[in-house]
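J.: Residues in the sequence shown are numbered consecutively from 2, following the numbering used here.
We treat Cβ as the ideally placed atom computed from N, Cα and C, and that holds for glycine.
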Amino acid sequence: MNRLSTPAKIYVAVVFIILYAPIFYLIFYSFNSGGSMHNFESFTMEHYQAVFEDSRLLVILINTIIIALLSSFISTILGTLGAIGIVSIKNRKMRNTLLSLNNIMIVSPDVVIGASFLILFTMIGVKLGFTSVLISHIAFSIPIVVLMVLPKLLEMNPNLIDAAQDLGATKRDVLYRVIVPYIKPGIFAGFFMALTYSLDDFAVTFFVTGNGFSTLSVEIYSIARVGISLTINALSGIIFVVTVLIVIGYYFVTRRTKLANGGLGRL
2 MNRLSTPAKI
12 YVAVVFIILY
22 APIFYLIFYS
32 FNSGGSMHNF
42 ESFTMEHYQA
52 VFEDSRLLVI
62 LINTIIIALL
72 SSFISTILGT
82 LGAIGIVSIK
92 NRKMRNTLLS
102 LNNIMIVSPD
112 VVIGASFLIL
122 FTMIGVKLGF
132 TSVLISHIAF
142 SIPIVVLMVL
152 PKLLEMNPNL
162 IDAAQDLGAT
172 KRDVLYRVIV
182 PYIKPGIFAG
192 FFMALTYSLD
202 DFAVTFFVTG
212 NGFSTLSVEI
222 YSIARVGISL
232 TINALSGIIF
242 VVTVLIVIGY
252 YFVTRRTKLA
262 NGGLGRL
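(1) Between the stretch 22-34 and the stretch 229-248, do at least 3 Cβ pairs fall closer than 8 angstroms?
(2) Assuming A164 is part of the alpha helix (DSSP H), what are its boundary residues?
(3) Rank I85, M149, I239, P110 by C-alpha distance to the C-alpha of K172 and give the top, closest one.
(4) With F203 and Y222 assumed to form a contact (beta carbons below 8 angstroms), what rounded beta-carbon distance in angstroms separates them?
(5) Using beta-carbon positions only, say whether S109 and V209 come within less than 7 angstroms of one another.
(6) Any idea what DSSP makes of F44, helix, strand or coil?
(7) How would you label E220, buried or exposed, when you count the other beta carbons within 10 angstroms and need 16 or more for buried?
(8) Can you tell me whether H39 is buried or exposed, with buried defined as 16 or more other CB within 10 angstroms of its CB?
(9) Which value, in whole angstroms, describes the spacing of the CA atoms of S230 and I224?
(10) DSSP puts N33 in a beta bridge; with which residues?
(11) What is the C-beta distance between T255 and A190, in whole angstroms, given that I count them as a contact (C-beta under 8 angstroms)?
(12) Give the C-beta separation of T77 and I188 to the nearest angstrom, bearing in mind that I take them to be a contact with Cβ-Cβ under 8 angstroms.
(13) Indicate the three-state DSSP secondary structure (helix, strand or coil) for A204 in the structure shown.
(14) Pull up the CB-CB distance for G35 and F41, whole angstroms please, since I reckon it's below 8 angstroms.
(15) If you reduce the DSSP assignment to three classes, tell me which class L59 lands in.
(16) Ordered along the chain, which non-local residues of its own chain (more than five positions away) have a Cβ less than 6 angstroms from that of N103?
(17) Suppose the cutoff is 7 angstroms on Cβ atoms and the five residues either side in sequence are ignored; what does the same chain contact list for I150 look like?
(18) Leaving out five residues on either side along the sequence, give the residues of the same chain with a beta carbon under 8 angstroms from the beta carbon of P152.
(19) With distances taken from CA atoms, which of R257, L217, V13, G213 is nearest G130?
(20) At which residues does the alpha helix (DSSP H) containing P152 begin and terminate?
(21) How close, in whole Å, do the beta carbons of M194 and F141 come, if the pair is a contact with beta carbons under 8 angstroms?
(22) Is L196 closer than 7 angstroms to A73 when the C-beta atoms are compared?
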């Protein structure tokens, strides 16, 4: 940041203000006792209290967390194995084809993905609800995990695997004792990215959710359609804080991993 010119610093500051000003404006008025986002009358926590007193909202919150954690965990396993499989392919053309297919899923519009899953679940008879949302979140999270894990795999020296095999390590030993420890930062990055994507997703979830099941993003949209309520502000503020804590947790995990790897390297 110190090496940036003054205009560049101003540009970066303006970008961050544009990105974060609406969020802080929303959170600021979540403490307004006036019930609107025009005149701040006095400080109150009643809107946050209303969030935690709403049993239906708490159930939706639990559903959202369960979906996010479960889909992130499964997609991290599948995405890591997929990335290892892609790197192990010797045919360059086949490898590039698989990478292109993976990247297409990332850049494809959420509306297209959501509509495709809706048609698929309708055709095969899957009831819209928890299962359909979970499968959809796993599907769009896997390419993200692959993208996070691939750089660490490509950075890895192939001689490490050859040395382990020469010492009598089986394929399972190579995977769990050589490859996974080396790519652990990429795995954590993939998990946290998948977690945040799942928590924030609206478009895909909107298509595949059914009656009796909802997530926070869909519920906030439904509440907002009825009318502006500062309960939405409070709920959005909670989600923002949770997301920030996840990012901070990811930072400390990766920093600790790097320090551990640095210590092993000096040894």
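T.: So, from the listed chains and residues:
(1) With a cut-off of 8 angstroms on Cβ pairs, the stretch 22-34 is in contact with the stretch 229-248, counting three or more such pairs.
(2) From DSSP, the alpha helix (DSSP H) with A164 extends over 159-167.
(3) The shortest C-alpha separation from K172 is found at I85.
(4) Indeed, because the Cβ distance is near 7 angstroms, the residues count as touching under 8 angstroms.
(5) No, they are not a contact pair.
(6) It is a strand residue.
(7) Of the other Cβ atoms in all chains shown, 16 or more fall within 10 Å of the Cβ of E220; this residue is therefore buried.
(8) By the Cβ-count criterion, H39 is exposed, with fewer than 16 other Cβ atoms from all chains shown falling within 10 Å of its own Cβ.
(9) Their Cα atoms are separated by approximately 8 angstroms.
(10) According to DSSP, which records beta bridges pairwise, N33 is partnered with F44.
(11) Contact check for T255 and A190: beta-carbon distance about 7 angstroms, within the 8 angstroms limit, so the pair qualifies.
(12) Yes, they are in contact, since the Cβ atoms of T77 and I188 sit about 6 angstroms apart, within 8 angstroms.
(13) Three-state result, A204: helix.
(14) Sure, about 7 angstroms apart at Cβ, within 8 angstroms.
(15) When secondary structure is reduced to three states using DSSP, L59 falls in the helix class.
(16) Counting only residues of its own chain and dropping the five nearest sequence neighbours on each side, N103 has a CB closer than 6 angstroms to the CB of P144, V147.
(17) Sequence check: residue 150 is Val here, not Ile. G80, T81, A84, I184, G187, I188, G191, listed in sequence order.
(18) Contacts found: G187.
(19) For G130, the nearest C-alpha among the options comes from G213.
(20) Here the alpha helix (DSSP H) through P152 covers 131-156.
(21) Taking a contact as a CB-CB distance under 8 angstroms, the pair M194 and F141 does not count as one, their CB atoms being some 11 angstroms apart.
(22) The residue asked about is misnamed: residue 73 is Ser in this sequence, not Ala. Against a cut-off of 7 angstroms, the Cβ pair of L196 and S73 comes out as a contact.
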